[in-house]
Amino acid sequence: MKLLVKDLCKSYDGRLLALKPSSFAIHSGEFISLLGPSGCGKTTLLRLLAGLETPDGGFIQFGDQVVYSSEAAHELPAEKRNIGMVFQDFALWPHMTVFENIAFGLRARRQTTHLNDQVYWALEKVRLSGFETRYPRQLSGGQQQRVSFARAIVTKPQLILLDEPLSALDAMLRDELRVELVSIVKELGLTAIYVTHDQSESMSMSDRIFVMNAGAILQSGAPEDLYNRPQHSFVAHFIGKSNELEDDQHQLKGMVRPEKLRTQPHHPDDLTFSGIVSHVAFLGDRYEVFVRFKDRLWTSYLPFRPAVGDDITLYLAPGDVQSIP
Amino acid sequence: MKKMKLHPLLVFGQIAAVTILLPMILLPLLMVLLRSFQTDGIWRWRAPLETLLDPGLVEVYLNSLKLGLWVVAGATLLAFPMAMIMVKTPLRKHRWMEIVLLVPFMTPPYIGSMGWILFMQPRGFLDQFFPALNFLQPLFFSVFGIVLIMSLHLFPFLYLLLRNALTEISGSLEDAGAIHGGSFSYRLRRIILPLLASPYSMGALLIFVKTISEFGTPATLGRRVGYYVLTTEIYRYTNSWPIDFGKGAAIASLLLGTSLLIWAVQTVLSSRYAVQIVSGRNRDARVYLTGFRQWPAWLFIFSALTLSVGVPYFSIVATSLMNLRGYGLQLNNLTVSHYQAILTWGSSGLEAMLTSFRLSAISATLSLVIGTFIALVVVPSRGFRKGFIDASSILSNTVPSIVIIVGMILFWNSPWMPLTIYNTNAMLVLTYTVLFLPFTVQYVKSSREQIDATLFQAARVSGARPFYLFRQILFPLIRPGMVAGWLMTFIISVRELIASLMVRPPGLQTTATFIFREFEQGNASLGMAMAVLTVGLTLLVMTLVQMIQRKV
């Protein structure tokens, strides 16, 4: 389902704009991440799309259906938008069994023909067949989140919203569920919007990422685009690590990724930087080395451990400087 | 896991706790049960049965149960909409209402009833200000009036329970219902109401027990309209001629049995049907009734507060300031002479007040020592011993006060009792202590439970010996609970009515008996002036307790 948003904005209690007027389009079947630090407005945007909050103004269209328009004074309530949503705290109803939790959307919408088949289908999708008579409290965190996911897909919505669904789980489980989640979303051909503050999560799952900060979408694009061509210093810092370069001598200003810094020159045109090693951290496959140049601290990745306090010279190809407009 | 060996000091503490609790509360309750098997000093196993089958008593019992059910219904009608409003509408921003709602709850019920009676009675404030409404008088002076007053007094209880539960289950649990297609009424039916069922049933049972145990309102309004309940009957059999303790004890046993049964039901219900709400970061619930659609909510709150706070307090304060009640509330009929009369040195009012302060301070101190000791024993104890000591120490919260008082009279007035404290001030002090011991136990227990074991471990690693540890770590951390317990016991004792009426030595007056007597003898203004002073003090101390608790 295609999604169209125009000039959508929201503020709370007349104070600061939680979401500055934003416009974008999402294609059918796309997996989109809303990425940003806490308080950046990503959850607000998701809740506006879900209909859980009323925007101050703007326009939202799902497929051919206008679900919100401030001009036409039209707002479709959440229960009529026909979407699926997975919550950070799972939001499973504690007084219902797994089966009833999943069946809720079908019963509420009176789609009760083949109810059992549909619920078992969703359970099978999330690999929880046989758990239907349990209560949420009898399940582990990962299982609870699977139920929550099954509940979101059972009505076969065209749009599924995921609000930091993995952040309450531990690291191992998170990796496992991440893969599972993407493959089901893709298999069912759903359009998905995924809110997260974890950049590696969004890079590994999404077709496109919307990087948000302070209530605005700063940049949107494929993960590679954002990494290689950040349009904004915030994006450069938030996606991967980045060093700020301000070289008056060569009239250069921009960002440098740590992995582009080398201890050997490759070309006579290479830029050189001399500094002092201030701290070294072993990462397993390499060393993260912090080098102090006059007033700033840079991060670099080296294959060996230099001694703290040693002088060090780093080389950089001028083409590897990412200029920020 | 290896079974932990009990510390000998703890065992000693457990034995001491039981030794204290036995004569204080356990034996008196046993006396109530035993005494109901006696008529005219002869043991007869059929005695309680005969008492219970007395058609007069059956009616009284049914009166109590009916009153309980009606008050539960009344409190629900007030509490449920109030909780919905305070969680799910923009009015929830107004937190001051929470404090106002505590006022009816902190008002002694007998004082609240007196306020209402003064308002509704012929030539009262209703007649003076709203003569068109005086058709309501006969309605008020019936069981309806008792239900109204008690519902207004008790509903904040249920409100708090429902509000907390609603706050917990709102947020994403309700959002998830909306997202997955549930309309408002569908969500209410499938999600909100089922999740409220357990806290609601707990609150409803609590209100039922409190209603059938209540003496103040039935004693003031119920007696006027001829509606007799268990508590007033117990009072009658044990305090007015012809005194029949056997009958009183049998009725008290009935009340005891009923309330214990309800508590048992409640325990089973809450353990079987309680659903834990699994939730992390809780979002604020959705807001309904925004903009101009708020006015019904405001109207409801305004009416509820007018009835529960406005009416009784207006008539209490107004009455206390009136020179001659027959002239109604007029500027030239205002006076502070009643306050002067109470606060004059040597007056019976001041004497009653000072007596109350003195006795209450002694009880509060006694409760502080005993309650702290018991709390410190209960927390580290385990298993049956923990449960037994804990339950016995807070038994006065569970068992209707009047039952305990009857038990204490039977126990301390026994012919074989070597200690003759009955009919002395000491008996009153002891009764207050027994009745309000749960406050100190609960406050100290909760501050003790909040202390993580690592705090003691850290102190021991740093070289603290047991006594040093107690003085430097344990005592400072439980002190706020001790202070709160002392203040609560003090303030509740000062206004306590039923124990004061039943066990005071002849001729002694406390603030509560003073108010009660002046009101009954037609000198309402003097009584109400005392009531204003008592309630004012209560509010002051409660605010203090709140501040202390918040600082922890």
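Listed in order, the protein sequences are those of chains A and B. With the UniProt record's numbering applied, the first sequence covers 1 to 325. With the UniProt record's numbering applied, the second sequence covers 1 to 552. We put the CB at the ideal spot given by N, CA and C, even for glycine.
Environment of residue i [buried if 16+ CB atoms lie within 10 Å]
i, result
"lysine 10 of chain A", "buried"
"leucine 412 of chain B", "Per the sequence presented here, residue 412 of chain B reads as tryptophan, with leucine not at that position. Buried, because 16 or more other Cβ atoms sit within 10 Å of the Cβ of tryptophan 412 of chain B."
"alanine 249 of chain B", "buried"
"glycine 280 of chain B", "Here the model assigns glycine 280 of chain B a pLDDT of 44, short of 50, so the residue's position is not dependable and the matter cannot be decided."
"tryptophan 118 of chain B", "According to the sequence shown, residue 118 of chain B is leucine rather than tryptophan. Leucine 118 of chain B should be labelled buried."
"threonine 258 of chain B", "buried"
"methionine 482 of chain B", "buried"
"valine 429 of chain B", "buried"
"glycine 387 of chain B", "exposed"
"serine 113 of chain B", "buried"
"isoleucine 169 of chain B", "buried"
"tryptophan 43 of chain B", "exposed"
Residue i versus the options, residue with shortest Cα-Cα distance
i, options, result
"threonine 39 of chain B", "B:Asp244, B:Ser308, B:Met322", "B:Asp244"
"aspartate 175 of chain A", "A:Leu92, A:Phe210, A:Met205, A:His266", "A:Met205"
"valine 336 of chain B", "B:Ser525, B:Asp54, B:Phe470", "B:Ser525"
"glutamate 180 of chain A", "A:Glu124, A:Phe210, A:Val235, A:His266", "A:Glu124"
"isoleucine 498 of chain B", "B:Ala219, B:Asn397, B:Gln340", "B:Ala219"
"threonine 19 of chain B", "B:Leu52, B:Asp54, B:Ile374, B:Ala73", "B:Ile374"
"residue 355 of chain A", "A:Pro157, A:Ile153, A:Phe149, A:Thr155", "Any question about residue 355 of chain A goes unanswered here, given that chain A covers just 1 to 325."
"methionine 417 of chain B", "B:Val229, B:Ser381, B:Pro23", "B:Pro23"
"tyrosine 202 of chain B", "B:Leu305, B:Leu160, B:Tyr227", "Note on identity: in this sequence residue 202 of chain B is methionine, with tyrosine being the wrong assignment. Of the listed residues, the one whose Cα sits closest to methionine 202 of chain B is B:Leu160."
"alanine 297 of chain B", "B:Leu91, B:Val461, B:Tyr432", "B:Leu91"
"phenylalanine 141 of chain B", "B:Phe80, B:Val225, B:Tyr61, B:Ile473", "B:Val225"
"leucine 256 of chain B", "B:Met408, B:Ala73, B:Ile402, B:Val60", "B:Ile402"
"glutamate 520 of chain B", "B:Met547, B:Gly310, B:Gly216, B:Leu334", "B:Gly216"
"aspartate 89 of chain A", "A:Gly142, A:Leu271, A:Val289", "A:Gly142"
Span of the beta strand (DSSP E) around residue i
i, result
"threonine 313 of chain A", "311 to 316"
"aspartate 127 of chain B", "First-last for aspartate 127 of chain B: 125 to 129, but that is the alpha helix (DSSP H), not the beta strand (DSSP E)."
"methionine 212 of chain A", "208 to 213"
"threonine 272 of chain A", "271 to 282"
"alanine 18 of chain A", "17 to 26"
"lysine 10 of chain A", "3 to 11"
Amino acids of chain A, ordered along the chain, whose beta-carbon sits closer than 7 Å to that of residue i
i, result
"serine 172 of chain B", "Phe87, Asp89, Ala91"
"isoleucine 191 of chain B", "Trp93"
"tyrosine 186 of chain B", "Ala108"
Residue i vs residue j beta-carbon contact at 8 Å
i, j, result
"leucine 159 of chain A", "alanine 178 of chain B", "no"
"tyrosine 194 of chain A", "isoleucine 32 of chain A", "yes"
"methionine 86 of chain B", "arginine 35 of chain B", "no"
"serine 183 of chain B", "leucine 78 of chain B", "no"
"phenylalanine 439 of chain B", "threonine 489 of chain B", "yes"
"alanine 529 of chain B", "histidine 338 of chain B", "yes"
"valine 541 of chain B", "isoleucine 491 of chain B", "yes"
"serine 22 of chain A", "alanine 216 of chain A", "yes"
"alanine 103 of chain A", "valine 119 of chain A", "yes"
"proline 480 of chain B", "serine 446 of chain B", "no"
"leucine 37 of chain B", "proline 48 of chain B", "In the sequence as presented, leucine is not what sits at residue 37 of chain B; that position holds phenylalanine. Yes."
"proline 138 of chain B", "leucine 102 of chain B", "no"
Partners in chain B for residue i, counting only beta-carbon separations shorter than 7 Å
i, result
"alanine 50 of chain A", "Ile179"
"arginine 151 of chain A", "His180"
"glycine 105 of chain A", "His180, Gly181"
Extent of the continuous alpha helix (DSSP H) run through residue i
i, result
"tyrosine 227 of chain A", "223 to 228"
"isoleucine 20 of chain B", "8 to 21"
"alanine 453 of chain B", "453 to 461"
"aspartate 175 of chain B", "172 to 179"
"glutamine 199 of chain A", "199 to 205"
"serine 447 of chain B", "425 to 449"
"isoleucine 394 of chain B", "Unbroken run through isoleucine 394 of chain B: none, as it is neither H nor E."
"glycine 63 of chain A", "No alpha helix (DSSP H) holds glycine 63 of chain A; DSSP gives it neither H nor E."
"alanine 103 of chain A", "98 to 108"
Interface residues of chain B facing residue i [CB-CB closer than 9 Å]
i, result
"histidine 232 of chain A", "Neighbours of histidine 232 of chain A on chain B: none; closest Cβ ~29 Å, over 9 Å."
"threonine 155 of chain A", "His180, Gly181"
Chain A contact residues for residue i, given Cβ-Cβ distances below 8 Å
i, result
"leucine 195 of chain B", "Trp93, Pro94, His95"
"arginine 286 of chain B", "Leu52"
Test: residue i CB closer than 8 Å to a CB of chain E
i, result
"isoleucine 83 of chain A", "Among the chains of the structure shown, chain E does not appear; the protein chains present are A and B."
Partners in chain B for residue i, counting only beta-carbon separations shorter than 8 Å
i, result
"alanine 78 of chain A", "Asp175, Ala178, Ile179"
The ligand HEM heavy atom lying under 7 Å from the CB of residue i
i, result
"leucine 3 of chain A", "Among the components of this structure there are no ligands whatsoever, and the ligand HEM is therefore not found."
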